[in-house]
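Report on the structure given below.
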Amino acid sequence: MTSFGRKIGDRVYSWTEVMNPVVIKKRSAHEKVAKFITITTILGLSVVGILALVLLFIEGQGTFSLTFWMTPSWATVSVWFTGLLGLFLFYHHARIDKGGDAMPTGIPTEIEEITMSKGVKNIGELFTHDATAAVETAYELAVKFGHLQVEALHLFIGVMDTGEASVAFSRLGLSFEAMQEALGRRLSTRELGKPTVIGELGQKTLLRAFGTAVELERPHVTSLEIFAASFFDDPFLGDLLLESGVNQEQFTNMVEWLRIHERLRERYDRFRSAAANKSTGTMNSSMTSLATPTLDAVSEDLTLAAASGRLPMLVERDSELEELFRIIEGGRQSVLLVGPSGVGKNTLLAGVAELMVEEKVPDVLKDRRLVRISVPHLVSGTSPAEAQERFMEMLSEVAKSRNIILAISDIDQLIAGGGAMDLGSTLVDFLSRSGTFVVATTSPQQYVAVVEQSVLSRVFQKIEIKEPDNLSAIHMLQSKIGGIESEQKVIFSYNAVEKAVALSDRYMHESYLPKKAIEIAQEAALLAHKERGDDTLVSGEDVAAIISSKTGIPTQAVEEDEKEKLLGLEDRMHARVIGQEEAVKAVAAALRRARTQLRSEGRPIATFLFLGSTGVGKTELAKTVAQTYFGDENMMIRLDMSEYQAADSIDRLLGSPSSQKGGLLTEAVRKTPFAIVLLDELEKAHPDILNVFLQVFEDGRLTDSAGRTIDFTNTIVIATSNAGTQYIQDAVARGDNLESIKTVLLEEELKSVYRPEFLNRFDGVIVFTPLTEEQVIKITELFMAQVARHLEPKGIGFRADPEAVRELGAKGYDPKFGARPLRRLVQEEVDNAIANALLEGKVGRRDTIVLKVGGGIEIEKGSDL
Amino acid sequence: MIKPSVVLVLRTLTVDWLREVLMLPIWWYTGGMIRTLKWMIDSIKGAPDFFGLKVWVKNIFVPMYGDTSFVGRLVSFGVRSFMIFVRGIGTLFLVIVILIATVAYVLVLPILLYLFITHLKGVLV
């Protein structure tokens, strides 16, 4: 049989563990016996030990003489025997302890064919008991089916019994039972033969598991690594899980979650011993430092907090941490962490404090305290002069004590007061003279507005702390889930974690990852626990419900299976929009295209240009889209472009450069990113403003005057325009078909108004035809239904005779202005008459108002109670 | 699941138990001895750190509590010298304890065996 291996340094590692039923039986027997010996020895030790104590106690005073110990007696015999049993236990434990085989360090080479020799190291010895048991189960499975070799599939099934895999399965919402059939079918297709061996495929999977464990610096190869390696080695398993709704990325993240969990546990153990050696007072271990009463009053000792395990674990910020240490080590320079609130600047400080406790830091940071001062504490309740004095006193304490590294959160506060309260120059002066340094944080806005222009920028090196991408944010959240779970007594599904990150990223643009996702997860846990009690599973739906209650985006819009909604789009739209078959069809089709992911991610969901005269239903269709797509017709940001006719009105849209406030459009989209942007009468806007929208259509984003990037990718942009109306009306009257009308419009009529490249950016240019009289009558019916709805809360019924509707419709029809005159007519004739009747007290509850031909109304008295 | 038979378990029990008992003296002075020596070396190396001796020696001329006056420096030097002396003694003591423990490891098995056998004989005969 060919053997495979990987090299680390000069050493070759391979799976050489012998596997056959006899060996497995023997190994199992040895394990059982070893356990048995341990237990019986401990029992024997306790029994004989107690017996010895009893005998010594009976002997009393005599035990203090040497002669007693030299003279044979049952008491001495039992003491010596207890000792021997103790030695035996020590020896037995040392023999069965697996910790002796140290994992190699370094980067393993690719898997290659090797020739067996004495120097080859067996990776089987580095496997945990669980992992070895999983390989054995896999082997037994292959034997049972008469398979020629153990493959990834067998190993995957073998691992399923172990704790880690079952945790992964339950969090991913998978069940072994549901997959059993498919696994059985797959097993029956494997190559048969005897004897069963761990051949090429199995060896490769195990070597991959070993490689990952080495790369991640794990102390052993665990069943988790076999689980992951086998999954990626057999594409069938990927398909199988995909069938159950779990894709590869989700599986990888789940495995990463378990690794984070393992690391948290190890960190806790390791940390306790390291923290025991760290001096926990204000004094360092060589007493060169100084007591710092002023500093202590306005600060918090982060190293002390870290040593008692009160700080969060830092995940996924290796490169930032490395940069920070490089700057400090390089020139003892002060560091400014610049990042939006919630991205984890303070967690990074916690990470530094933690490494300081473990002394895994550059020499300049060793045996030091990281102390975070609170600027509000420092300046509160004092006059500027006093604050200055207090600050200087504090700094002189820091200088004298020599073991303090200052951390200042939101350093902009030091200078924000300006004028007399400006403590920045004091700090700069101190830093340049004392040779010590500071780690500070601030937000990008404050950095630009305050810090960059102040003296502080001279002494600080900037490190940008960016918002993590979704993947990193998922891992960061996963490191927090354990805490939330034990606090709220709930269990998180993987889906909930993923949704907390993905949905908060998509819909909550006010705050940043990972904080917003952590907050969502906390609230979802609280809600789930409140609703369903202890040990309940927090699902993706719980998270979606929280998001929807926070953002006002209806849950259905986020969650509901959209297929039905999309397929019935035309019918739902026609309930509100009469006629305009082509327009409704085009919009529905475009929305369907957009939602079936046939759109590029970096653009708005859809962009439409509605062309047609007033009153033909352009705005109504936009409202209908808002209603059907976003769940509420008010999810609409409406801009009347006739207000933006001058070039400088662009400032009103995006915010003026001199102010830090955003503009009307950018602020609205920032606050409701999931909405329709309706640009009414677009042709009236200044051409420069059209260029702004060119960018929105192309990139899906805009930058406002405060430098924020506003995301338009969750909006539908609808522009309406009256340009070319005359042509449309004439053409329709001539009986031209819609397609040719559109072509002429685009190629000739609109050229003078919009540039061709602008028109090309729209997903759809939709022509609204003038309404026919028949359609206007139908609209009249809708208006009548609206009147009835308004009267309903008063307990008054309303009905219109069909002839009256027809008459009203005919009267209100105007080919030029569509249904617009109709609305006025309904107001004048119907609403006024009803209002008069109400004021005159002619109608009461339970009565019905009937609209008659000729505009008169009749009142049908309702029955008395 | 392949499970070992009861006979196999019983046979393994006898063989393993006997082998372990017989192997104990050999392991004690080979594998066990190496472990103990490693422990001894590591512990002796770590002894000065346990008392923070290096940091104190390094800072012998640094004034305590930031008092940089001449008297302060003098007092500080005196106190530090004393502390280094005390900590040095502590370290030495620790090293001695470690050495005693190592010697005890070498002697404990034969002594216990001898005492147990002779005393058992004495009691029984």
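Quick mapping for you: the protein sequence lines, in order, are chains S and D.
First residue of the first sequence: 421, per my numbering; consecutive thereafter.
First residue of the second sequence: 4, per my numbering; consecutive thereafter.
Backbone N, C-alpha and C fix where the C-beta goes; we use that ideal spot for every residue, glycine too.
Asked: Between the CA atoms of Leu-1122 (chain S) and Ile-1269 (chain S) - distance to the nearest angstrom; Found: 52 Å
Asked: Buried versus exposed, by CB contacts within 10 Å (16 or more), Gly-81 (chain D); Found: exposed
Asked: Short Cβ contact (9 Å threshold) for Arg-426 (chain S) with Glu-545 (chain S); Found: no
Asked: Beta carbon proximity, Ser-493 (chain S) to chain D, threshold 9 Å; Found: yes
Asked: Cβ-Cβ separation, Leu-744 (chain S) to Val-755 (chain S) (assumed contact under 8 Å), whole Å; Found: 6 Å
Asked: Where Arg-38 (chain D) meets chain S, residues with beta-carbon distance less than 8 Å; Found: Ala-514
Asked: Burial state of Arg-952 (chain S) (16 or more Cβ within 10 Å); Found: exposed
Asked: Distance CB(Met-36 (chain D))-CB(Leu-102 (chain D)) smaller than 9 Å; Found: no
Asked: Lys-452 (chain S): contacting residues in chain D (beta-carbon distance under 9 Å); Found: Pro-7, Val-12, Thr-15, Leu-16
Asked: DSSP-derived helix/strand/coil call for Thr-460 (chain S); Found: helix
Asked: Per-residue contacts from Gly-35 (chain D) into chain S (C-beta, under 7 Å); Found: Tyr-511, Ala-514
Asked: Alpha-carbon to alpha-carbon, Phe-1237 (chain S) and Thr-1034 (chain S); Found: 6 Å
Asked: C-alpha distance - Val-1116 (chain S) paired with Thr-1027 (chain S), whole-angstrom precision; Found: 10 Å
Asked: Euclidean distance between Cα positions of Met-1055 (chain S) and Leu-1102 (chain S); Found: 20 Å
Asked: Classification of Ser-1160 (chain S) by the beta-carbon crowding that lies within 10 angstroms, buried from 16 upward; Found: exposed
Asked: Cα-Cα separation between Leu-1228 (chain S) and Arg-1240 (chain S), rounded to whole angstroms; Found: 13 Å
Asked: Unbroken beta strand (DSSP E) run spanning Leu-561 (chain S), endpoints; Found: From DSSP, Leu-561 (chain S) is part of no beta strand (DSSP E) but of the alpha helix (DSSP H) over 549 to 565.
Asked: Within 9 Å, strictly: CB atoms of Ile-835 (chain S) and Leu-876 (chain S); Found: yes
Asked: Contact list for Val-126 (chain D) against chain S, beta-carbon separation under 9 Å; Found: Pro-492, Ser-493, Trp-494, Thr-496, Val-497
Asked: Rounded straight-line distance, which links the Cα of Ile-1057 (chain S) to that of Glu-1169 (chain S); Found: 28 Å
Asked: Residues, ordered as in the chain, of the stretch 786 to 798 of chain S that lie near chain D by beta-carbon distance below 8 Å; Found: Asp-787
Asked: Proximity below 9 Å, CB of Gln-866 (chain S) to CB of Asp-842 (chain S); Found: no
Asked: Under the three-state DSSP convention, the category Gly-701 (chain S) falls into; Found: Confidence in Gly-701 (chain S) is poor, its pLDDT being 48 and thus under 50, which makes the residue's placement unreliable; the coordinate value appears in the next sentence. Residue state, collapsed to three classes: coil.
Asked: Among S:Ile-998, S:Ile-1070, S:Ala-1008, the one whose alpha carbon lies nearest that of Glu-1040 (chain S); Found: S:Ile-998
Asked: Beta-ladder partner(s) of Val-758 (chain S), from DSSP; Found: S:Thr-862, S:Glu-884
Asked: Neighbouring residues, chain S, relative to Trp-30 (chain D) (Cβ below 9 Å); Found: Tyr-511, Ala-514, Arg-515
Asked: 9 Å Cβ cutoff, Asp-45 (chain D) in contact with chain S; Found: no
Asked: C-beta atoms of Arg-374 (chain S) and Met-776 (chain S) nearer than 9 Å; Found: No statement about residue 374 (chain S) is possible, as the shown extent of chain S runs from 421 to 1285 and does not include it.
Asked: Cα-Cα separation between Met-703 (chain S) and Asp-716 (chain S), rounded to whole angstroms; Found: Confidence at Met-703 (chain S) is low in this model, with a pLDDT of 48, below 50, so its placement is unreliable and the value that follows should be read with caution. Distance between the alpha carbons of Met-703 (chain S) and Asp-716 (chain S) is about 12 Å.
Asked: Residues of the stretch 549 to 563 of chain S whose Cβ lies closer than 9 Å to any Cβ of chain D, in chain order; Found: Glu-556, Thr-557, Tyr-559, Glu-560, Val-563
Asked: For Val-848 (chain S), the three-state DSSP class (helix, strand or coil); Found: helix
Asked: Beta-carbon separation (whole angstroms), Trp-31 (chain D) vs Tyr-511 (chain S), contact threshold 8 Å; Found: 7 Å
Asked: Assigned exposure category for Glu-774 (chain S) - 16 Cβ within 10 Å defines buried; Found: buried
Asked: Chain S within 9 Å of Phe-73 (chain D), Cβ atoms only; Found: no
Asked: Endpoints, alpha helix (DSSP H) assigned at Ala-1105 (chain S); Found: Counting along the chain, Ala-1105 (chain S) falls outside any alpha helix (DSSP H), and DSSP gives it neither H nor E.
Asked: Burial state of Leu-1285 (chain S) (16 or more Cβ within 10 Å); Found: exposed
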